[in-house]
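Protein chains: 2
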Amino acid sequence: MTEKPAMKIDPWALRETELRIGSLAQTETLFALSNGHIGMRGNLDEGEPTGQIGTFLNGVYEIRPLPHAETAYGYPEAGETVVSVPNGKLIRLLVDDELMDSRYGEVLRHERVLDFREGVLRRTMHWRSPTGQEVIVESERMVSLRQRGAAAICYKVTPVNKDMQLVVQSELVANSDEAVGEHYDPNDPRMAAVLDKPLRSEEHFLHEEMAMLIHRTENSGLRVASAMDHEIEGPEDMYIEGESGPDIGRLTVTAKVPAGQSLKVLKYLAYGWSGRRSISSVRAQVRGSLSEARHTGWEGLIAGQKEFLREFWDNADVVVEGDDEMQQAVRFALFHLLQASARGERRAIPAKGLTGSGYDGHAFWDTETFVLPVLSYTWPTAARDALHWRHATLDMARERAQQLNLAGATFPWRTIAGRECSGYWPASTAAFHVSADVSDAVLRYVKATGDEEFNREVGVPILIETARMWQKLGAFDSSGEFRIAGVTGPDEYSAIVDNNVYTNLMAARNLRGAAAVAEQFPEDAAALGLTPEEPDEWRAIADAMHIPYDATQQVHPQADNFTHHELWPFDDMEPTDYPLMLNYPYFDLYRKQVIKQADLVLALFTNGDYFTAEEKRRNFEYYEGVTVRDSSLSACGQGIIAAETGHLDLAWQYLQETALVDLHNLAHNTSDGLHLAASAGTWLGLVCGFGGFRDYYDIPFFAPRLPKNLSRLAFNLRLGESTLRVDVSQTEATYTLPRGSSVEFTHFGEKHIVAEREIITLPIDEIPRPATVHQPKGRAPDEIKTTGTHLDETGALLQVEGDYPHQTGSAV
Amino acid sequence: MTEKPAMKIDPWALRETELRIGSLAQTETLFALSNGHIGMRGNLDEGEPTGQIGTFLNGVYEIRPLPHAETAYGYPEAGETVVSVPNGKLIRLLVDDELMDSRYGEVLRHERVLDFREGVLRRTMHWRSPTGQEVIVESERMVSLRQRGAAAICYKVTPVNKDMQLVVQSELVANSDEAVGEHYDPNDPRMAAVLDKPLRSEEHFLHEEMAMLIHRTENSGLRVASAMDHEIEGPEDMYIEGESGPDIGRLTVTAKVPAGQSLKVLKYLAYGWSGRRSISSVRAQVRGSLSEARHTGWEGLIAGQKEFLREFWDNADVVVEGDDEMQQAVRFALFHLLQASARGERRAIPAKGLTGSGYDGHAFWDTETFVLPVLSYTWPTAARDALHWRHATLDMARERAQQLNLAGATFPWRTIAGRECSGYWPASTAAFHVSADVSDAVLRYVKATGDEEFNREVGVPILIETARMWQKLGAFDSSGEFRIAGVTGPDEYSAIVDNNVYTNLMAARNLRGAAAVAEQFPEDAAALGLTPEEPDEWRAIADAMHIPYDATQQVHPQADNFTHHELWPFDDMEPTDYPLMLNYPYFDLYRKQVIKQADLVLALFTNGDYFTAEEKRRNFEYYEGVTVRDSSLSACGQGIIAAETGHLDLAWQYLQETALVDLHNLAHNTSDGLHLAASAGTWLGLVCGFGGFRDYYDIPFFAPRLPKNLSRLAFNLRLGESTLRVDVSQTEATYTLPRGSSVEFTHFGEKHIVAEREIITLPIDEIPRPATVHQPKGRAPDEIKTTGTHLDETGALLQVEGDYPHQTGSAV
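If you read the protein sequences in the order shown, they are chains L and Y. Mapping the first sequence onto the working numbering, position 335 (from 1) lands on 343, and the numbers just tick up by one. Mapping the second sequence onto the working numbering, position 82 (from 1) lands on 90, and the numbers just tick up by one.
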């Protein structure tokens, strides 16, 4: 049974005040720790009860066959699926020979706090055993942002009021049966494929308090080493025993602990993997990480973590005044974005980060479209690394293009290592916009950072090869327009359409970007076989790109014919009909006007320079009426355009839906991992929505406007060597430069330059209230009341139970 | 290795003059015997060598899971696949303890003849064993057209020149390992799924020379009984021994046979199955069929067969003068059409009849579109029975419509028992035209026969329920036109398109037909809940049906936007690129102008009343340029319209391609079973192509015109109680009435009435030679030279080795 977790709002932490077993699957995701290389779900130390046990290493996957009832040319025959690596979080406790388990005895107190500034998950538990023994367990867990291969746990148990015989078992367990919790549903396509015992033991050994396991995946052939070491503080006569087996390392500490004294176990963990290196090499690497962690010591690791996060927050923090939960939500989002990407180092940023196995651990286009814009302006090295990963997969993207009778390169819809892993081509292979999204992320990163070395190394090949793909994918028609037929845009309730506006606009930008780098780096372009004609051809295609327009309705159709289709019978729908994809066939969704997620409206944001303000207003109004938001990717874009077109209250509701998707489990599948694109969407909704930030002009553009419930919004943007700070109130915006010498920007279209130590304050005019827009019946965003507990001004707890809105649906 | 079979052309038989092991997979199909209930591939009596062993009972299938890499709402989770029932064809021979096997020793003579007028497969073999013993084996095999559950074999072996110890083993074998021959390719989607030992034994017994096996399929739960009985003639001291086991019945005859004398085994076979009835009931039924067959006796069975076929040929024969192979081919085609349907009795007519396991034994729309028109005019009871089968599946079609958010009923793309068994919805679920094709076959059968009882019982529910589906599937747009979006027409190189012309025209006919029967049979319509408005609504929809037209190019686009798509790069194609679906992804085929099989051109035939002669001419010319005929369903329609538009030589080439697809193994997969739609297409190509017969007007329409190489074409049409005979020469056509009192018809648009004993001879004007049309590079139909052997005027053999044209592709 699913319960709501007991949360207390805190501006700098996620704070749970009570253990609710029915919410574990969700809270394991929310409390997950990661550095982009290692990911650990917030499982209880003692392993059980659990929703889903998970410890992940970015890039470790197994290959599984993709079955097709009817196969055809070009279908991927194998997919990649994330696998859980050995679980080193486990610390079990026996109190007078009774296994500590929160389902038995009595939990007198239980608190978990994930501190966004310290990067530590703290837990305090006061437990009374079935026979009446009371202990206090205090544990702290961290995955190091500094030391990429390391994690650590400080576990302290204290008998209350009497001496007790305690046994603490610290484990490292591979292929555990419980890797899948009770909520697993094999029919839900959003969940991961379950592989039975995916790791084959290659080696295990024990040395004093240190144990190491080496495994290999059967089909993908990836070697994974995991190790633990310990420092133990306790009574002098405690007894310590270690053992190891193919799938287990275990250290058992037995001690008679006097009342009021403690037994403390410091556990250091290290992980590493390689698809190429030998056992001895991988072993040495992980042994090194482990030694380094122990050498750094617990205090050192904690200090390093704090320091890393201080730098991050100095650059990335967003201040929201007027709504405590939104303040918390945006920091929660940024913290997890950092965790997902900080030390990914040329690995993908999966849709769920490393917080769960949902979507098989795959990365999708939403990384480039939603996550990387945030990172480009807050923590650009992480954006750079994620794009280096795409670059590393370019050969696979070239092969795929060749297989598909295209030129250049086409990036996969979903993947871990770079291969296309999708089993349904109309919604994947045909979604060629993925390649434009990758290119757009490259262009944005370079524009934001001025990183020309990256541009030469990564930008040139990605932009040129994708431009070649677009050139081959479309064709000039007899009227001289360039048309791209038979593709799928972002909206998954349409497929295989002609001239999807989002795709065509993004392709045009891709082509122009390619022409520019080809001329900027002629030698590198020549190495890719650039012909002298290509840049001009690409610009000509971009200029001739066909963007359909329905002159009768005076809106842009999402794609050819869209506005001529029958309307979905929205008025006949019941709440249980949503998400529609679980209750209606694709054939019916595709051929009617019903939109799962912003598509044309997303283009109004990403390619806003193409549309007039009036077109945006009309388009937004039209598409609001047919968009059902069965995807968590939708509300963010709708909210941003709602804000731009003056629908500030609606924008706020969409922002809430985005920001609280996991905190409130709005999509009912936070158990599978975070919706990282929605985390990013929280930042985008604030900065691009109410901050009015756009980056498609030559210089940063701002048109800030706050909804009535916010009194202040402040955020920083890293722009090359400068950091621009924007501080917005209801009536004015203040631009300062905490770092750098000067930055040009526009405020409502008017150009300004802010220099060091300068404070530019500019007024915000009121926008005329636009006509009300309407969503399909029952699909208007609900006002989300805060769930959990506020701290009132006196510091006392103020319980506010929230209503959950209707919103369900899948992230991608 | 595939060889060409050694065939000699014979107007009334398929005659093979030599045993070529590399052609066995093909000839087993060509020599298959069937009555529509029982099907036996033309395997050698001794079982091996073989291409594919196969004995089928119409309607016996097993259920298998349909795996989906990514599942979605409405996908079928299970499919049906035909399974081989116990093989009763087996008669093995040991000559002086040496197993007779044509791969060893020497085949001195081998002839097989399938006699179209006698319905018997005769084989003569003169074999010299490795040790030099010579025997002559003469066998005759028949599947009774009269006695539905019965088959029989007369097997005679004669030692040559010396006395020999002979052992003849007559077997009935279930779950044989060799059911799949060497040519099996699990990656070819056109082949059947292979199930391992699909039959579970329930009972087996032996009584004197009779053995019976009862089996049941595991998942579909169908009970199959098979039995054999024998009459044996041979030396008095021969020794006969029987045995039975779960998967085997065997009778062994041992005899010392003097030179010149014979050992003769008459084997009677009976088969039956049921999904509901008890063991004892199924056992009794098959025991009864077996007794009846033995009681009838071999001579009686043969006489009955001849008589049945005499009646068939009296009604159905087509005379072609000027091309011996075409004369043979059309009789071969008609013979197999009869075999596939004669005693189907409310079971499907699968795409391959009962001649092989290709396409999993499924029936498709081509049964209604190609096969049933032929049967409606030649052997209407078979058409009636096949439509009764569709009617019997109506509840499943209703459930499917409900699942798909539609009204009424929608028939499956591929099925055995009535469930949708397709694993790829864009090419199946979306091909809604299937339901219009079924309705069209109903309308045609009723028009041809005047069978109003059938119309009331079957026509009313099928027409009304499919009309309701169309009404829900499409919608009126703001301009008042009715549009049907997101469907797939006959061409499988397009999918999910708006306003496919073929579909919309066929839907309109369906709707009008429904309105007519609703008013003709008001009580039956009322029982289906007909509202008073429905007939008028259906007529209004039919009248408002949107048929797109490209005014610039002055052609009808196959569907919206089709003529705006990029042309397939035909000039870059090599012969090995075809069939394109095996070398290019669907996404690329769908979005370009390339057509697998006639679609708009098929509509020019099936719905020719909609188009002007000039439109037909222009459309045909246009679509010839983009049609690659990667399906054997294509040439027939193209040929008919080629003939209508005056391209008589081209029409002949398309007819050859259709008529010889199996005889020449043009699609390289005759091994999997006959292309029954192409068999039907042979008749259609002659009767509708060169005979110019159309049935979409009130009275039969003829516009006959022969290609230059034919001197005569004569055919009969059964029209209710009458039979109209049309006898066409280069210059005139003669209409007579072998049966009936009078028939109205038009000859080139001019109305005539032919009465009993009247002979109406009318002139044929020469048609102006039209401009040459062009097919894509390398895809023009080849002139097919006759392969095999002609009989010249003196009766001597004239060897003419044929060139095989490029044509490959799938039937459906």
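Quick reminder that beta carbons are idealized off the backbone N, C-alpha and C, glycines included. Being a predicted model, the structure only gives us computed values, none of them experimental.
Run through DSSP, which three-state label would Gln566 of chain Y get? By 1-based counting over the second sequence, the position of residue 566 of chain Y is 558. In this structure, Gln566 of chain Y counts as coil in the three-state DSSP scheme.
Look up Thr584 of chain L in the DSSP assignment and say whether it is helix, strand or coil. Locating residue 584 of chain L in the first sequence gives position 576, counting from the first residue. Secondary structure at Thr584 of chain L: helix, using DSSP grouped into helix, strand and coil.
Opening and closing residue of the alpha helix (DSSP H) in which Arg28 of chain L lies: The residue given as residue 28 of chain L occupies position 20 in the first sequence. From DSSP, Arg28 of chain L is part of no alpha helix (DSSP H); its letter is neither H nor E.
Against chain L, does Pro475 of chain Y count as a neighbour if the rule is that its beta carbon must be under 8 Å from one of theirs? If you number the second sequence from 1, residue 475 of chain Y lands on position 467. The sequence as given places Ala at residue 475 of chain Y; Pro does not occur at that position. Taking Cβ atoms only, chain L never reaches closer than 8 Å to Ala475 of chain Y, which makes this a no.
Near Gly467 of chain L, what residues of its chain come up, given a Cβ to Cβ distance below 7 Å and the 5 sequence neighbours on each side ignored? Numbered from 1 along the first sequence, position 459 holds the residue referred to as residue 467 of chain L. These residues qualify, in order along the chain: Val450, Val454 and Val525.
Quick one, which residues of the segment 590 to 623 of chain Y are near chain L if we go by CB-CB under 8 Å, in chain order? Result list: Leu590, Asn591, Tyr592, Pro593, Tyr594, Phe595, Asp596, Tyr598, Arg599 and Lys600.
Let's test the definition: count the other Cβ atoms within 10 Å of the Cβ of Tyr592 of chain Y and tell me whether it reaches 16, buried, or not, exposed. Taking the first residue of the second sequence as 1, we reach residue 592 of chain Y at position 584. So Tyr592 of chain Y counts as buried.
Could you check which residue in L:Ala278, L:Glu106 and L:Pro469 has the C-alpha nearest to that of Ile161 of chain L? As a working mapping, residue 161 of chain L is identified with position 153 in the first sequence. The shortest Cα separation from Ile161 of chain L among L:Ala278, L:Glu106 and L:Pro469 belongs to L:Ala278.
When the Cα atoms are used, what is the spatial distance from Glu217 of chain Y to Asp237 of chain Y? In the second sequence, residue 217 of chain Y corresponds to position 209, counting from 1. In the second sequence, residue 237 of chain Y corresponds to position 229, counting from 1. Computed Cα separation, rounded: 6 Å.
Quick check: is the beta carbon of Tyr81 of chain L nearer than 8 Å to any beta carbon in chain Y? Within the first sequence, the letter at position 73 stands for residue 81 of chain L. Taking Cβ atoms only, chain Y reaches closer than 8 Å to Tyr81 of chain L, which makes this a yes.
Quick one: residues in its chain with C-beta nearer than 6 Å to the C-beta of Gly431 of chain L, no 5 flanking neighbours on either side, listed in chain order? If you number the first sequence from 1, residue 431 of chain L lands on position 423. Within the same chain, and ignoring the five residues on either side of Gly431 of chain L in sequence, the residues whose Cβ sits closer than 6 Å to its Cβ are Leu74.
Note down the Cα distance separating Leu346 of chain Y from Arg398 of chain Y, rounded to an integer number of angstroms. Locating residue 346 of chain Y in the second sequence gives position 338, where the first residue counts as 1. Locating residue 398 of chain Y in the second sequence gives position 390, where the first residue counts as 1. In this model, Leu346 of chain Y and Arg398 of chain Y are separated by some 19 Å (Cα to Cα).
Answer with buried or exposed for Ala187 of chain Y, where buried requires no fewer than 16 other C-beta atoms within 10 angstroms of its C-beta. Sequence index remark: in the second sequence, residue 187 of chain Y carries index 179 (1-based). Residue placement at Ala187 of chain Y cannot be trusted, given a pLDDT of 47 that sits under 50; what the coordinates show is reported in the next sentence. Label assigned to Ala187 of chain Y: buried.
Best match in L:Ala425, L:Ser299 and L:Ala21 for proximity to Ala400 of chain L [C-alpha to C-alpha]: Walking along the first sequence from the start, residue 400 of chain L turns up at place 392. Check the Cα spacing between Ala400 of chain L and each of L:Ala425, L:Ser299 and L:Ala21: the tightest is with L:Ala425.
Using a Cβ-Cβ cut-off of 8 Å, state whether Tyr432 of chain L counts as contacting chain Y. Along the first sequence, read from residue 1 onward, the residue named residue 432 of chain L stands at position 424. Tyr432 of chain L counts as touching chain Y.
Below 9 Å between beta carbons is the criterion; list the residues of the segment 549 to 570 of chain L that meet it against any residue of chain Y, in chain order. Shown in chain order are the members of the segment 549 to 570 of chain L whose Cβ falls below 9 Å from a Cβ of chain Y: Thr560, Asp568 and Asn569.
Is there a Cβ from chain L that is less than 8 Å from the Cβ of Ala263 of chain Y? Along the second sequence, read from residue 1 onward, the residue named residue 263 of chain Y stands at position 255. It does not; no Cβ of chain L falls within 8 Å.
Find the residues of chain L that neighbour His572 of chain Y, judging by a C-beta separation of less than 9 Å, and give them in chain order. Sequence index remark: in the second sequence, residue 572 of chain Y carries index 564 (1-based). Simply Asp485, Ser486, Arg491, Ala493, Asp506 and Asp568.
I'd like to know whether the C-beta atoms of Pro167 of chain Y and Ala263 of chain Y end up nearer to each other than 8 Å. Indexing the second sequence from 1 puts residue 167 of chain Y at position 159. Indexing the second sequence from 1 puts residue 263 of chain Y at position 255. Not a contact, by the Cβ cut-off of 8 Å.
Determine the chain Y residues that contact Glu78 of chain L at a beta-carbon separation under 9 Å, and present them in chain order. Numbered from its first residue, the first sequence carries residue 78 of chain L at position 70. Here the neighbours are Leu74, Pro197, Ser430, Gly431, Tyr432, Ala435 and Ser436.
Let's test the definition: count the other Cβ atoms within 10 Å of the Cβ of Pro84 of chain Y and tell me whether it reaches 16, buried, or not, exposed. By 1-based counting over the second sequence, the position of residue 84 of chain Y is 76. So Pro84 of chain Y ends up on the buried side.
In or out: His782 of chain Y buried (at least 16 other Cβ within 10 Å) or exposed? Position 774 of the second sequence, counted from the first residue, corresponds to residue 782 of chain Y. His782 of chain Y is exposed by the Cβ-count criterion.
Which value, in whole angstroms, describes the spacing of the CA atoms of Arg295 of chain Y and Glu582 of chain Y? Mapped onto the second sequence, residue 295 of chain Y falls at position 287. Mapped onto the second sequence, residue 582 of chain Y falls at position 574. Rounded to whole angstroms, the gap between the alpha carbons of Arg295 of chain Y and Glu582 of chain Y is 57 Å.
Could you tell me whether the segment 231 to 245 of chain Y touches the segment 118 to 130 of chain Y, where touching means 3 or more Cβ pairs closer than 8 Å? Counting Cβ pairs under 8 Å, fewer than three are found: no touch.
At a Cβ threshold of 8 Å, is Leu641 of chain L touching chain Y? The sequence position of residue 641 of chain L within the first sequence is 633, counting from 1. Not an interface residue.
If you draw a straight line from the alpha carbon of Leu342 of chain Y to that of Ala688 of chain Y, how long is it in whole angstroms? Along the second sequence, one-based indexing puts residue 342 of chain Y at 334. Along the second sequence, one-based indexing puts residue 688 of chain Y at 680. Taking the straight line from one Cα to the other gives about 7 Å.
Name the chain L residues whose beta carbon is nearer than 8 Å to that of Asn677 of chain Y? On the second sequence, residue 677 of chain Y is found 669 positions in, with the first residue counted as 1. The contacting residues do not exist; Asn677 of chain Y stays about 16 Å from chain L at best.
Put Lys1 of chain Y into one of helix, strand or coil per three-state DSSP. Residue coverage of chain Y in this structure runs from 9 to 820, which leaves residue 1 of chain Y outside it and unanswerable.
For Gly817 of chain L, would you say it is in contact with chain Y, using Cβ-to-Cβ distances shorter than 8 Å as the test? The residue given as residue 817 of chain L occupies position 809 in the first sequence. Residue confidence is low: Gly817 of chain L scores 34 on pLDDT, short of 50, so the model does not pin down where it sits. Its coordinate-derived value is still stated next. With 8 Å as the cut-off, Gly817 of chain L does not count as an interface residue toward chain Y.
Pick from Y:Ala233, Y:Glu465, Y:His396 and Y:Tyr510 that is closest to Phe440 of chain Y, judged by C-alpha positions: Counting from 1 along the second sequence, the entry for residue 440 of chain Y is found at position 432. Looking at Y:Ala233, Y:Glu465, Y:His396 and Y:Tyr510, the one whose alpha-carbon comes closest to that of Phe440 of chain Y is Y:Tyr510.
Strictly under 8 Å for the Cβ-Cβ distance: is Asn724 of chain L near chain Y by that measure? For the purposes of this step, residue 724 of chain L is taken as residue 716 along the first sequence, with counting starting at 1. Asn724 of chain L does not count as touching chain Y.
Identify which residue in Y:Ser234, Y:Gln269 and Y:Ser270 has its Cα closest to the Cα of Ile256 of chain Y. As a position in the second sequence, residue 256 of chain Y is number 248, starting the count at 1. Per the Cα distances, Y:Ser234.
Proximity below 8 Å, CB of Leu271 of chain L to CB of Val176 of chain L: Your numbering for residue 271 of chain L matches position 263 in the first sequence. Your numbering for residue 176 of chain L matches position 168 in the first sequence. Taking 8 Å as the cut-off, the beta carbon of Leu271 of chain L is found closer than this to the beta carbon of Val176 of chain L.
Rounded C-alpha distance that separates Tyr501 of chain L from Ser209 of chain Y: Counting from one through the first sequence, the residue named residue 501 of chain L turns up at place 493. Counting from one through the second sequence, the residue named residue 209 of chain Y turns up at place 201. As the crow flies, the alpha-carbon of Tyr501 of chain L is around 49 Å from that of Ser209 of chain Y.
Would you kindly check if the distance between the Cβ of Arg100 of chain L and the Cβ of Leu107 of chain L is under 8 Å? Residue mapping note: residue 107 of chain L aligns to position 99 of the first sequence, counting from 1. Residue mapping note: residue 100 of chain L aligns to position 92 of the first sequence, counting from 1. Yes, these two residues count as a Cβ contact at 8 Å.
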